[in-house]
Every structure is written in C-alpha cells, then in structure tokens.
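Numbering (my numbering), first residue to last: 28 to 327. Structure first, commentary second.
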C-alpha cells in the first residue's frame, strides 16, 4: 500500500485519481490552498508566501503534482502568462524544498505536463518526446513546467505526463462543448484542420497509476489516444453522436483572436503527438476512437 501526496487534488484529474487510489487501498494526502479542517489528510500551502504544512509529507511514498492555474481560464496578458508559469514551477520547488528538508524517501514524483510543449503548430509531423520545445507562449509555459519537475531528479524518479485535451463525463473539455452542440450551432474553429490530441479521463488515470508504480518509467510521455483528429472531426463526431446538426459556418480565426487574444493560438493551431513511448512500457489505452469515447461518456 502506498501513501500518495497529490497537489491540485480537487481538480478534474486529481479527483478521479484520488478516488481510484482510495479504491485500490492506497492512502491519499491532499495539498491545496484551502485544506478541509475536518480531514486529517488534507493540508494547506501558500505558494506565493512560500509556506507549506510539511506534515503533508508524513509517510508519503509518492507525489503527484497537478497544481497550476487554468491554462484557458483567462486571456493571456503578460502577467497571466507569468502566473501560469509560477503556479506550476514555484509550487514544485516549494514542495521539493520541504521534501529535502525532511529527508523524505520517495519512490516517484509524477508531474502533469502539457502537450503544448510542442507549440501551437499545425503540421504533418507527429511529435515524439525527444522533439525540442517550440518557441511560442504555450511551449514556454510547458517547458518551464517540466524544468521545475526535473529538479526532483536529485531526490527520486521523475515522470512527466504530457497531457492533451481530457474528455470526461463531468468536467473538462466536454462540459464546454456539450452546450454548443445541444443548441444545434456546433461548428469548427478557424479552418478546422488543426490537430486536437485527446485522451479519455479513464485512460489518463491509468497512465498516472502506471507512472506511479512502474519503476521503469522515467522522463516525459505523450498521453494521447492513437486516433488523430482535427477540430472539424471533433465537432462533427460529437454532433453525430448526439444526433445534432453540423452545418454551421466555421468560426473565423480573427473573431477568436479578438475574443481571446493570444490564447486563441491554442484553439486555432494544434499538433499530432505519438504515444509510442508510452506503449513501449506495456501501457494500453482503452479508448482509442473518438466516437466510442463520446458514447461511453455521454451514457454515464
């Protein structure tokens, strides 16, 4: 039985992972800004102030780092971009200092990471983990995020899961897409040809379990389904599964740029990524095709 500390445990991935770990008999410690006073396994920290309740590390064997401000929650002003970076990197370093101070003996540090590491680029290249980061904003955020995670290599085994769009029955991207499709006004963004890597939440949780307990896993892994889809495929498939029309004109790119500023880049551009390195560990993704994945989620 492991004792796993999860930062950002109240989010979509953290909630699902916590539930699965508990169901498997493991102990979960949760570290966040607003700890539950009646939960002895809930602990608090203030990342900006550099303070942490280091009791969160008591008996901990593994750490999962999910904390970070939402990438698409606000327009990307310079200060917001810095917040996106700092919320990921400062938190990782604060926790690392606490672990070193306590001489913690850990089996693994598993960090969320972004498929945006490869940049907001649309091309026929299928990116692999050895490819360098791009030079745009989303790649800079992702690269800084991973750099902070790599500092944990001085203490333990580090795994970074480069995560694409996550599909879940309650939360995530699907929550934003469903209302649009239900009204019958679903349409592609921009030219609709940008790639949209994706993964079912159930598979992502399994990937975290593999990263935690497979001692042969180290470094970065692309966690995405095999099926390559475009933004047009995404919207068309969801409309088909929901028996809704799909004939609206595409949303022009300039409209998204006016509404979202630089953030629009990750809506209008997207790359394909290979999951071959993950597959070589013996990991198998269950939900490989978008249509069946949507059907599975919508009947829950």
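Ideal Cβ placement from N, Cα and C applies to all residues, glycine included.
Problem set entry | Uninterrupted alpha helix (DSSP H) stretches inside the stretch 231 to 288 (no shorter than 4 residues) | The alpha helix (DSSP H) runs of length 4 or more contained entirely in the stretch 231 to 288 are, from start to end of the chain, 258 to 268 and 280 to 287.
Exercise. Quick one: Cα of residue 74 to Cα of residue 239, how far?
Worked result: For residue 74 and residue 239, the distance between alpha carbons rounds to 24 Å.
Exercise. CB-CB under 6 Å to residue 165, same chain, minus the five flanking residues each way: which ones, in chain order?
Worked result: Excluding sequence positions up to five before and after residue 165, its CB lies within less than 6 Å of the CB of 143, 147 and 293, all in the same chain and listed in chain order.
Exercise. Going by C-alpha distance, which of 112, 232 and 214 is nearest residue 49?
Worked result: Comparing Cα-Cα distances from residue 49 to each of 112, 232 and 214, the minimum goes to 232.
Problem set entry | residue 172 (DSSP reduced to helix, strand or coil) | Of the three classes helix, strand and coil, the one that applies to residue 172 here is helix, per DSSP.
For this session: Would you tell me roughly how many angstroms separate the C-alpha atoms of residue 77 and residue 55, rounded to the nearest one?
Result: Residue 77 and residue 55: Cα-Cα distance of roughly 23 Å.
Exercise. Whose C-alpha, out of 284, 246 and 205, is nearest the C-alpha of residue 305?
Worked result: 246 is the residue among 284, 246 and 205 whose C-alpha sits nearest the C-alpha of residue 305.
Exercise. Are the C-beta of residue 313 and some C-beta of chain C separated by less than 8 Å?
Worked result: You won't find chain C in this structure, because it holds only one protein chain.
Exercise. So, are the CB atoms of residue 172 and residue 140 less than 8 Å apart?
Worked result: Yes; because the gap between Cβ atoms is below 8 Å, this pair is in contact.
Problem set entry | Contact between the stretch 60 to 67 and the stretch 116 to 135 (3+ Cβ pairs under 8 Å) | The answer is no - the stretch 116 to 135 does not touch the stretch 60 to 67, with fewer than three Cβ pairs under 8 Å.
Exercise. Does the stretch 280 to 296 come within contact of the stretch 171 to 185, defined as at least 3 CB pairs closer than 8 Å?
Worked result: By the Cβ test, the stretch 280 to 296 is not in contact with the stretch 171 to 185, since fewer than three Cβ pairs between them sit closer than 8 Å.
Problem set entry | In chain order, each beta strand (DSSP E) run of at least 3 residues that lies wholly inside the stretch 131 to 170 | Complete beta strand (DSSP E) runs here, min 3: 135 to 141.
Problem set entry | Exposure of residue 230, with buried meaning 16 or more beta-carbon neighbours within 10 Å | Only buried fits residue 230, as 16 or more other CB atoms lie within 10 angstroms of its CB.
Problem set entry | Validate contact between the stretch 33 to 45 and the stretch 90 to 99 using beta carbons, cut 8 Å, 3 pairs | Judged by Cβ distances under 8 Å, the stretch 33 to 45 makes contact with the stretch 90 to 99, as three or more pairs qualify.
For this session: Compare the Cα-Cα distances from residue 155 to each of 145, 79 and 44 and report the closest residue.
Result: For residue 155, the nearest C-alpha among the options comes from 145.
Exercise. With DSSP run on the structure shown, which of helix, strand or coil describes residue 228?
Worked result: In this structure, residue 228 counts as helix in the three-state DSSP scheme.
For this session: Would you identify the three-state DSSP class for residue 300, choosing helix, strand or coil?
Result: Reduced to three states, the DSSP call for residue 300 is strand.
Exercise. By a C-beta neighbour count over all protein chains shown, 10 Å radius and 16 as the cutoff for buried, is residue 298 buried or exposed?
Worked result: Flag for residue 298 reads buried.
Problem set entry | Proximity to residue 249 [Cα-Cα], best of 132, 225, 262 and 327 | Closest in C-alpha terms to residue 249, from the list 132, 225, 262 and 327, comes 225.
Exercise. Can residue 87 and residue 150 be called in contact, C-beta distance under 8 Å?
Worked result: Inclusion of residue 87 and residue 150 in the CB contact set at 8 Å is not warranted, their separation being larger than that value.
Problem set entry | Delimiting residues of the beta strand (DSSP E) encompassing residue 70 | In this chain, the beta strand (DSSP E) harbouring residue 70 covers 69 to 73.
Exercise. Residue 207 to residue 263, Cα distance in whole Å?
Worked result: Roughly 12 Å separates the two Cα atoms.
Problem set entry | Residue burial classification, residue 34 (beta-carbon count within 10 angstroms, cutoff 16) | Buried, since its Cβ has 16 or more Cβ neighbours within 10 Å.
Problem set entry | Beta-carbon proximity list for residue 243, same chain, < 8 Å, skipping 5 on both sides | Short of 8 Å from the beta carbon of residue 243, and not among the five residues preceding or following it, lie these beta carbons of its own chain, in chain order: 308.
For this session: Just confirm the distance between the C-beta atoms of residue 276 and residue 214, as a whole number of angstroms; I'd bet it's less than 8 Å.
Result: The pair is a contact, with the Cβ atoms about 6 Å apart (cut-off 8 Å).
Exercise. Can you tell me whether DSSP reads residue 179 as helix, strand or coil?
Worked result: Residue 179 falls in the helix class under three-state DSSP.
Exercise. Which residues does DSSP pair with residue 201 in a beta bridge?
Worked result: None, per the DSSP bridge assignment.
Problem set entry | Pairwise C-alpha distance: residue 203 and residue 287 | Distance from the CA of residue 287 to the CA of residue 203, rounded to the nearest whole angstrom, comes to 15 Å.
Problem set entry | Element boundaries [beta strand (DSSP E), containing residue 57] | Taken as a continuous stretch (DSSP letters only), the beta strand (DSSP E) holding residue 57 covers 54 to 59.
Problem set entry | Beta-bridge partners of residue 90, as assigned by DSSP | Answer by DSSP bridge pairing, in chain order: 32 and 136.
Problem set entry | Presumed contact (8 Å Cβ cut-off) between residue 221 and residue 253, rounded CB distance | Residue 253 and residue 221 do not touch by the CB rule: their CB atoms are close to 18 Å apart, not below 8 Å.
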